[in-house]
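Number of protein chains: 2
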Amino acid sequence: MARKKEYIEEEVIEKAMVLFWRNGYEATSVRMLEKAMGINQFSIYSSFGSKQGLFLKSIHCYEGYLQGMIEKLRNSTNGVEGIKTFFYDSINTPSDCSTPKGCLVTNTLNEFANSEDKLIKEQVILFTTAIKELFIEKLREGGEEDEELLIKQSNYLLIAKQGLSVAAKVASEKELSDYIEMTFRDF
Amino acid sequence: MARKKEYIEEEVIEKAMVLFWRNGYEATSVRMLEKAMGINQFSIYSSFGSKQGLFLKSIHCYEGYLQGMIEKLRNSTNGVEGIKTFFYDSINTPSDCSTPKGCLVTNTLNEFANSEDKLIKEQVILFTTAIKELFIEKLREGGEEDEELLIKQSNYLLIAKQGLSVAAKVASEKELSDYIEMTFRDF
DNA sequence: ATGTTTTCTAAGCCATCGCTTAGTTATATT
DNA sequence: AATATAACTAAGCGATGGCTTAGAAAACAT
């Protein structure tokens, strides 16, 4: 039989994810990736096929990284208050700076909105749609029954969340929490 | 004396601006720029010094491009309603697709938030700060007197505007106008 | 131990990157 | 017309981009 891999794919993907998250797709080179991931370019290409393949895996990994917050929201029983907590959770960066500020999905949406790359755009749209659905579910649980209003509100909250993700990269903690409070002021 | 330039700097900067606006800084190559601008690389470098120099000029050009809307807002006398109109104006893309959706300044903020490039970041921060000040001025004219609340509200509106700029790249017209209505719902 | 299979290292592939240079062409002065 | 100056064209610079390949090293089966 054959030699064993000296790395765990899930582990090196996480390293790649952080790099893509911090710098974006274009500004992250395969040389940077191999250093951060601690493996040779050969291994990157044999495991992930291409830079794009690795990026898709990284986005998937990021979505897994968010799963805790999303589950917390899904299990919440206090309606819109759960969504507000989700907003606060999303700006609660670990203090060791191991993780960039902002949101990889929003970054990707921004970088690829005008791109030809269908695959990456599709992955991003799928995820944001799922979040929106979850918002609707929680708003409905919160007592809202008007379907049209539910759509309008979830739409509002999704875009508000995207604004928060952009602002999180440069704004102060107070500005961010003020923003969240204003966003949810009369729900 | 010497030969005359065969192009007008302001005109070719505008072409460059649209390209940067559509693709971002990293994804726009000097070869793409020379084709879009209709001038040789030599001319680009002799006029603008570097790709970064051209980008800075492009951002400046974009700010000029927004000047109409900003003046309209500055001259408005109906308080927060003027800001709301400014939001609507910003998503009113010319139907000929000559111009990308979204906002070059917000794109740049996103792309350069984690970059080392002080110059570009500074230019973006300066502009967004000016917009925020203008929001405060209009909110004050609208009758709000509480300084702390003014700061909170302008901060909210600035981040809301950034969310709108991201969403404008992918969302439908209805989603965008719904979002604006929700944003200004109880001002 | 030998053979087979897979992963490793490290060198290198070609295309493109931002940028520069050599040499020609156009303008204005003399 | 001759000259000086600056902008033009187009070729090419070294560095880096994504990706591949040749050959050594490691794991298992026989």
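Residue numbers (our numbering), protein chains in the order written: chain A, 488 to 674; chain B, 488 to 674. We put the beta carbon where it would ideally sit given N, CA and C, even for glycine.
Assuming residue i is part of the alpha helix (DSSP H), what are its boundary residues?
i                      : result
residue 633 of chain B : Careful: residue 633 of chain B lies outside any alpha helix (DSSP H) and carries neither H nor E.
residue 591 of chain A : 591-599
residue 670 of chain A : 660-670
residue 560 of chain B : 538-562
residue 569 of chain A : 567-577
residue 603 of chain B : Per DSSP, residue 603 of chain B belongs to no alpha helix (DSSP H) and is neither H nor E.
residue 512 of chain B : Looking at the DSSP string, residue 512 of chain B is not in any alpha helix (DSSP H), and its letter there is neither H nor E.
residue 529 of chain A : 528-535
Which residues in the same chain as residue i place their Cβ atom closer than 7 Å to its Cβ, once the five residues preceding and following it in sequence are excluded?
i                      : result
residue 506 of chain A : 515, 519, 520, 523
residue 561 of chain B : 621
residue 548 of chain A : 500, 501, 504
residue 596 of chain B : 611
residue 544 of chain B : 500, 535
residue 496 of chain B : 534
residue 617 of chain B : none
residue 652 of chain B : 589, 590, 593
So, at 6 Å on beta carbons, what are the nonlocal neighbours of residue i in its own chain, with the 5 sequence-adjacent residues on each side left out?
i                      : result
residue 588 of chain A : 580, 655, 656
residue 619 of chain B : 641, 645
residue 649 of chain B : 593
residue 509 of chain A : 587
residue 546 of chain A : 610
residue 623 of chain B : 637, 641
residue 631 of chain A : 637
residue 569 of chain A : 560, 563, 625
Per DSSP, what kind of secondary structure is residue i in: helix, strand or coil?
i                      : result
residue 654 of chain B : helix
residue 643 of chain A : helix
residue 586 of chain B : coil
residue 674 of chain B : coil
residue 475 of chain B : Missing from the structure shown is residue 475 of chain B; chain B here goes from 488 to 674 and no further.
residue 580 of chain B : coil
residue 488 of chain B : coil
Cutting at 8 Å between CB atoms, please list the residues of its own chain near residue i, excluding the five before and the five after it.
i                      : result
residue 525 of chain A : 494, 499, 502
residue 567 of chain A : 625, 626, 629, 671, 674
residue 598 of chain B : 511, 512, 513
residue 575 of chain B : 664, 667
residue 662 of chain A : 654
residue 679 of chain A : Only positions 488 to 674 of chain A appear in the structure, and residue 679 of chain A is not among them; the question remains open.
Identify each residue in the stretch 586-606 of chain A for which the Cβ-Cβ distance to at least one residue of chain B is less than 9 Å, and report them in chain order.
587, 588, 589, 593, 594, 596, 597, 598, 600, 601, 602
Using a Cβ-Cβ cut-off of less than 8 Å, give me the residues of the stretch 501-525 of chain B that come near chain A, in sequence order.
509, 510, 511, 513, 514
Check distances from the C-beta atoms of the stretch 544-566 of chain A to those of chain B and list, in chain order, the residues that come in under 9 Å.
none
Closer than 7 Å between beta carbons: that is the criterion. Which residues of the stretch 612-631 of chain B meet it against chain A?
none
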